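If you read the sequences in order, they're chains A and B. Quick note, the first sequence lines up with residues 6 to 258 if you use my numbering. Quick note, the second sequence lines up with residues 12 to 327 if you use my numbering. We put the beta carbon where it would ideally sit given N, CA and C, even for glycine. These numbers were taken from a predicted model, which means no experiment stands behind them.
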Amino acid sequence: MNLRAIWTIYRFEMARTFRTLVQSIVSPVLSTALYFVVFGAAIGSRISEVEGVNYGAFIVPGLIMMSLLTQSLSNASIGIYFPRFIGTIYEILSAPVSPLEIVIGYVGAAATKAIVIGLIILATAFLFVPIHIQHPLWMAGFLVLTAVSFSLFGFIIGIWADGFERLQIVPLLVVTPLAFLGGTFYSIKMLPPVWQTITLFNPVVYLISGFRWSFFGTSDVDIGISLGATLVVLALGLAVIYRIFQTGYRLKT
Amino acid sequence: MSPVLAISQLSKTYGSGFQALKSVDLSINRGEVFALLGPNGAGKTTLIGIVCGIVTATSGTVTVDGHDHVHDYRKARAKIGLVPQELTVDAFITVWDAVSFSRGLFGKTPDPAYLERMLRSLTLWDRKDSKIVTLSGGMKRRVLIAKALAHEPEILFLDEPTAGVDVELRRDMWAVMAQLKQSGVTIILTTHYIDEAEEMADRVGVINKGEIVLVENKSELMSKLGRKELTLQLVEPLAAIPTALGAHRLALSDSRTQLIYTYDSDSAPAGITALFDDLAAAGVRFSDVSTSERSLEEIFVSLVHDGDAARQRETA
Numbered sequence: 006m007n008l009r010a011i012w013t014i015y016r017f018e019m020a021r022t023f024r025t026l027v028q029s030i031v032s033p034v035l036s037t038a039l040y041f042v043v044f045g046a047a048i049g050s051r052i053s054e055v056e057g058v059n060y061g062a063f064i065v066p067g068l069i070m071m072s073l074l075t076q077s078l079s080n081a082s083i084g085i086y087f088p089r090f091i092g093t094i095y096e097i098l099s100a101p102v103s104p105l106e107i108v109i110g111y112v113g114a115a116a117t118k119a120i121v122i123g124l125i126i127l128a129t130a131f132l133f134v135p136i137h138i139q140h141p142l143w144m145a146g147f148l149v150l151t152a153v154s155f156s157l158f159g160f161i162i163g164i165w166a167d168g169f170e171r172l173q174i175v176p177l178l179v180v181t182p183l184a185f186l187g188g189t190f191y192s193i194k195m196l197p198p199v200w201q202t203i204t205l206f207n208p209v210v211y212l213i214s215g216f217r218w219s220f221f222g223t224s225d226v227d228i229g230i231s232l233g234a235t236l237v238v239l240a241l242g243l244a245v246i247y248r249i250f251q252t253g254y255r256l257k258t
Numbered sequence: 012m013s014p015v016l017a018i019s020q021l022s023k024t025y026g027s028g029f030q031a032l033k034s035v036d037l038s039i040n041r042g043e044v045f046a047l048l049g050p051n052g053a054g055k056t057t058l059i060g061i062v063c064g065i066v067t068a069t070s071g072t073v074t075v076d077g078h079d080h081v082h083d084y085r086k087a088r089a090k091i092g093l094v095p096q097e098l099t100v101d102a103f104i105t106v107w108d109a110v111s112f113s114r115g116l117f118g119k120t121p122d123p124a125y126l127e128r129m130l131r132s133l134t135l136w137d138r139k140d141s142k143i144v145t146l147s148g149g150m151k152r153r154v155l156i157a158k159a160l161a162h163e164p165e166i167l168f169l170d171e172p173t174a175g176v177d178v179e180l181r182r183d184m185w186a187v188m189a190q191l192k193q194s195g196v197t198i199i200l201t202t203h204y205i206d207e208a209e210e211m212a213d214r215v216g217v218i219n220k221g222e223i224v225l226v227e228n229k230s231e232l233m234s235k236l237g238r239k240e241l242t243l244q245l246v247e248p249l250a251a252i253p254t255a256l257g258a259h260r261l262a263l264s265d266s267r268t269q270l271i272y273t274y275d276s277d278s279a280p281a282g283i284t285a286l287f288d289d290l291a292a293a294g295v296r297f298s299d300v301s302t303s304e305r306s307l308e309e310i311f312v313s314l315v316h317d318g319d320a321a322r323q324r325e326t327a
């Protein structure tokens, strides 16, 4: 294992975050703070409790999860797409580094950034609403698992994309709708029965539900199923990446 | 001495069906400068790409200092540095960060003293804290060389190092290469500038349409294929070449004031002496003599051209 190479890629990617601090950290935190103001304070004050939880607090896990998903995807996709775009990928491919090491470096950095943003949003939330986290270890576990899984998908998008427009397609057209419809702002139990069933095909439901359970002890779906679904998403990402490196898809000719 | 790089039966067919390399065999000696010449699209960059791990070969083997480049890729790649043709470098980081990244990627422990020595030798030390975006084109190319050398490779691939650069920078690059050769680095240089090969190389390989057409010591190649011309400035114009001189390969210039004698450099002494004897006997007087030899460029063009003609004959 070329640990030094992993560390080098990881540190390089983290340094890029600090070079672009405003885009990387400040803007997602600001946009989430706006959600708190609009949905938590302005509209939320007119909504009573959901599942026995104050509405302002209820949306916190959903908002963190939504940021975590979009940040993991965009960090990891730009992380690997950028060297492909400017051509510096030659150096990674010609170095004595295994595909696994490349993935750990890039995905690890992307997931770290997403987790840091998630924690900053959590800290911001404490300023707006009273929150008590019932299962902090589970919360940390879901945070890490989700960040890693979606960073893997971001890595896949970054390899698949052949233009900056494509980098945006999946986060905008797939993940944001899934996050909005996956119970970020409501419990799926509030939906008509038919829509409840349809919603169960949305993988984000399980992520948000599990994460919300770690905060409040209540969930839309069983915690075991949530954990299982998160692990399936992780395994799927790993399988696709394994295949990419096996075939050299979009990396080697 | 075993070669530092051995390429055997290497072929590459791209997904489009284009056959970029056709069973290439090539071996590179330790410490030499090898120039791989070929027109655009001949397969030079594909060959480098395969050795460095960027392109996957269709068949064949590559051994780098005894290590197979697929099965033992870590050891093989650790010995190679690659300077790509394009100026591909992250513009928003400093020179120091760029070379440190390259060294780390190859798993080497940090060695600021080595990096300083290397940057000084490439006259980049004063700019080590500059962002690469602020550097000139020539400096950026040096940064690419510095990145390739950051992990102390034994073999350096330079893919068209002077493509599209001005004359001064070219001379500059040649000086850098000479310095590297002196430090014991094996250099494999691809170029389509013949004068570059003529200036730098110990051996020359010519690749055309995915096949190695020739590999030869540069000096031997020059003497073997280097046809020379001896021009005699005549005192009085000649209407025709005297029949007494018919045994020699002579041509009369259009102005009829010059006799041009063509000869191979290895057959020179006997031929020239006989010619001068016969000229004296025929009473041809001349006022000046000059010689010229074919450049590597002409040799290269004729090799590529002959190869194409032979191929056309085969398919006809």
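State the DSSP-derived secondary structure class of Q139/A, mapped to helix, strand or coil. coil
If we define contact as Cβ-Cβ less than 9 Å, is K55/B a contact residue for chain A? no
Where the alpha helix (DSSP H) through G113/A begins and ends: 104-133
Exposed or buried, E207/B, counting other C-beta atoms within 10 Å across all chains shown (16 or more means buried)? By the 10 Å Cβ count, E207/B comes out buried.
For D122/B, which residues in chain A fall below 7 Å Cβ to Cβ? Near D122/B there are no residues of chain A at all, since even the closest Cβ is about 12 Å away, more than 7 Å.
Could you tell me which whole beta strand (DSSP E) segments of length 3 or greater appear in the segment 77-120 of chain B? 91-94
Is there a Cβ from chain B that is less than 9 Å from the Cβ of N207/A? no
Which term fits P135/A, buried or exposed, when burial requires 16 or more other beta carbons within 10 angstroms of its beta carbon? exposed
Go to Q28/A, then tell me how far its beta strand (DSSP E) extends in each direction, as first and last residue. Unbroken run through Q28/A: none, as it is neither H nor E.
Measuring only the C-alpha atoms, how far is V178/B from Q251/A? 44 Å
Can you list, in chain order, the residues of its chain whose CB lies under 6 Å from that of G282/B, leaving out five sequence neighbours each side? The answer, listed in chain order, is Y274.
Proximity below 9 Å, CB of Q244/B to CB of S298/B: Yes, these two residues count as a Cβ contact at 9 Å.
Excluding the five sequence neighbours on either side, which residues of its own chain have a C-beta within less than 8 Å of the C-beta of T75/A, listed in chain order? P33, P176, V180, T181, A184
Host alpha helix (DSSP H) of T74/B (start-end): Looking at the DSSP string, T74/B is not in any alpha helix (DSSP H); the run it does join, the beta strand (DSSP E), is 70-75.
Along the alpha helix (DSSP H) that carries K139/B, what are the first and last residues, could you check? No alpha helix (DSSP H) contains K139/B, which DSSP labels as neither H nor E.
What residue range is occupied by the uninterrupted alpha helix (DSSP H) comprising E170/A? 169-174
N-terminal and C-terminal residue of the alpha helix (DSSP H) that Y274/B is part of: Careful: Y274/B lies outside any alpha helix (DSSP H), inside the beta strand (DSSP E) at 269-275.
Among the residues of its own chain, which have a CB less than 8 Å from the CB of S111/B, if the five just before and after it don't count? P121, L126, A161
Listed by chain order, chain A residues near L93/B by CB distance under 9 Å: Y95, E96, S99
In this structure, how does DSSP classify N80/A when only helix, strand and coil are distinguished? Assignment of N80/A by DSSP, reduced to helix, strand and coil, places it in the helix class.
Which chain A residues are close to T67/B, counting only those with a beta carbon under 9 Å from its beta carbon? G253, K257, T258
Is there at least one Cβ from chain B nearer than 9 Å to N80/A's Cβ? no
Determine, using beta carbons only, whether L47/B comes closer than 9 Å to chain A. With 9 Å as the cut-off, L47/B does not count as an interface residue toward chain A.
Just how far apart, CA to CA, sit S199/B and K90/B? According to the sequence provided, residue 199/B is Ile. The question's Ser does not apply to it. Distance between the alpha carbons of I199/B and K90/B: 13 Å.
For chain A, find out if any of its Cβ atoms is closer than 9 Å to the Cβ of I104/B; answer yes or no. yes
Within the segment 132-205 of chain B, ranges of the beta strand (DSSP E) (whole runs, at least 3 residues): Listed in chain order, they are 166-170, 197-202.
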